[in-house]
Amino acid sequence: MTWRVTVEPEALNEMAGFLKEDPAGVRELVAVIDTLTEGPSVAGSQAWGIEYRRLRRGHRRVLYHVDDADRAIRIEHVGLARP
(Lines of atoms letter the chains of each structure in order from A and count residues from 1; the text may use other names and numbers.)
(Lines give C-alpha, C1' and ligand atoms only; values in the text may rest on other atoms or scores of the structure.)
Protein backbone atom coordinates (compact mmCIF):
# COMPACT_ATOMS: atom_id res chain seq x y z
CA MET A 1 0.00 0.00 0.00
CA THR A 2 1.42 3.40 -0.96
CA TRP A 3 1.61 6.53 1.11
CA ARG A 4 -0.01 9.83 0.12
CA VAL A 5 2.56 12.62 -0.20
CA THR A 6 1.59 16.30 -0.28
CA VAL A 7 3.81 19.36 -0.50
CA GLU A 8 2.81 22.42 1.50
CA PRO A 9 2.73 25.68 -0.51
CA GLU A 10 5.60 27.14 1.53
CA ALA A 11 7.83 24.15 0.73
CA LEU A 12 6.87 24.39 -2.94
CA ASN A 13 7.84 28.08 -2.94
CA GLU A 14 11.16 27.19 -1.30
CA MET A 15 11.91 24.66 -4.04
CA ALA A 16 10.93 27.19 -6.71
CA GLY A 17 13.41 29.62 -5.18
CA PHE A 18 16.22 27.11 -5.68
CA LEU A 19 15.22 26.33 -9.26
CA LYS A 20 17.18 29.09 -10.99
CA GLU A 21 20.46 28.48 -9.16
CA ASP A 22 20.29 24.69 -8.88
CA PRO A 23 17.85 23.01 -11.31
CA ALA A 24 19.62 19.64 -11.01
CA GLY A 25 19.32 19.80 -7.22
CA VAL A 26 15.60 20.53 -7.46
CA ARG A 27 15.13 17.57 -9.82
CA GLU A 28 16.95 15.39 -7.29
CA LEU A 29 14.68 16.69 -4.49
CA VAL A 30 11.55 15.93 -6.52
CA ALA A 31 12.86 12.42 -7.22
CA VAL A 32 13.56 11.75 -3.54
CA ILE A 33 10.14 13.14 -2.55
CA ASP A 34 8.60 10.71 -5.05
CA THR A 35 10.27 7.81 -3.21
CA LEU A 36 8.33 8.74 -0.06
CA THR A 37 5.23 7.11 -1.57
CA GLU A 38 6.90 3.84 -0.53
CA GLY A 39 7.01 4.96 3.11
CA PRO A 40 8.55 7.58 5.37
CA SER A 41 11.69 5.66 6.31
CA VAL A 42 13.58 5.81 3.02
CA ALA A 43 17.35 5.42 2.99
CA GLY A 44 19.07 8.45 4.42
CA SER A 45 16.10 9.75 6.40
CA GLN A 46 16.32 10.41 10.13
CA ALA A 47 13.69 10.78 12.81
CA TRP A 48 13.26 14.36 14.01
CA GLY A 49 11.00 14.19 17.01
CA ILE A 50 7.98 11.92 17.20
CA GLU A 51 6.03 12.70 14.02
CA TYR A 52 8.69 14.28 11.83
CA ARG A 53 11.56 13.06 9.71
CA ARG A 54 14.24 14.83 7.76
CA LEU A 55 15.97 13.74 4.62
CA ARG A 56 19.15 15.18 3.20
CA ARG A 57 20.07 15.05 -0.48
CA GLY A 58 23.14 16.91 -1.62
CA HIS A 59 23.18 20.26 0.15
CA ARG A 60 19.39 20.39 0.60
CA ARG A 61 17.22 19.05 3.40
CA VAL A 62 13.53 18.09 3.38
CA LEU A 63 11.51 18.17 6.60
CA TYR A 64 8.28 16.18 6.57
CA HIS A 65 5.44 15.24 8.90
CA VAL A 66 4.41 11.58 9.07
CA ASP A 67 0.82 10.54 9.83
CA ASP A 68 0.96 6.77 10.31
CA ALA A 69 -2.80 6.41 10.84
CA ASP A 70 -3.67 7.98 7.46
CA ARG A 71 -0.50 6.78 5.71
CA ALA A 72 0.18 10.38 4.75
CA ILE A 73 3.36 12.42 4.46
CA ARG A 74 3.32 16.22 4.35
CA ILE A 75 6.44 18.04 3.09
CA GLU A 76 6.67 21.18 5.22
CA HIS A 77 10.11 22.65 4.57
CA VAL A 78 12.89 22.46 2.02
CA GLY A 79 16.11 24.28 2.75
CA LEU A 80 19.86 24.27 2.85
CA ALA A 81 21.40 21.56 4.99
CA ARG A 82 23.98 22.61 7.53
CA PRO A 83 27.49 21.40 6.75
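Using the numbering used here, the final residue of the sequence shown is 81, and nothing's skipped along the way. Glycine is no exception: its CB is placed at the ideal position from the N, C-alpha and C atoms.
| request: Please report how far the alpha carbon of residue 61 lies from the alpha carbon of residue 76, in whole angstroms. | output: 6 Å
Spatial neighbours of residue 78 in its chain, beta-carbon cut-off 8 Å, leaving aside the 5 residues before and after: 57, 58 and 59
*Taking only runs that begin and end inside the region 1 to 52, name each unbroken beta strand (DSSP E) of 3 or more residues, in chain order.*
2 to 5 and 43 to 45
Worksheet item: Apart from the five residues just before and just after residue 33, which ones in its own chain have a Cβ nearer than 6 Å to its Cβ?
Response: 40
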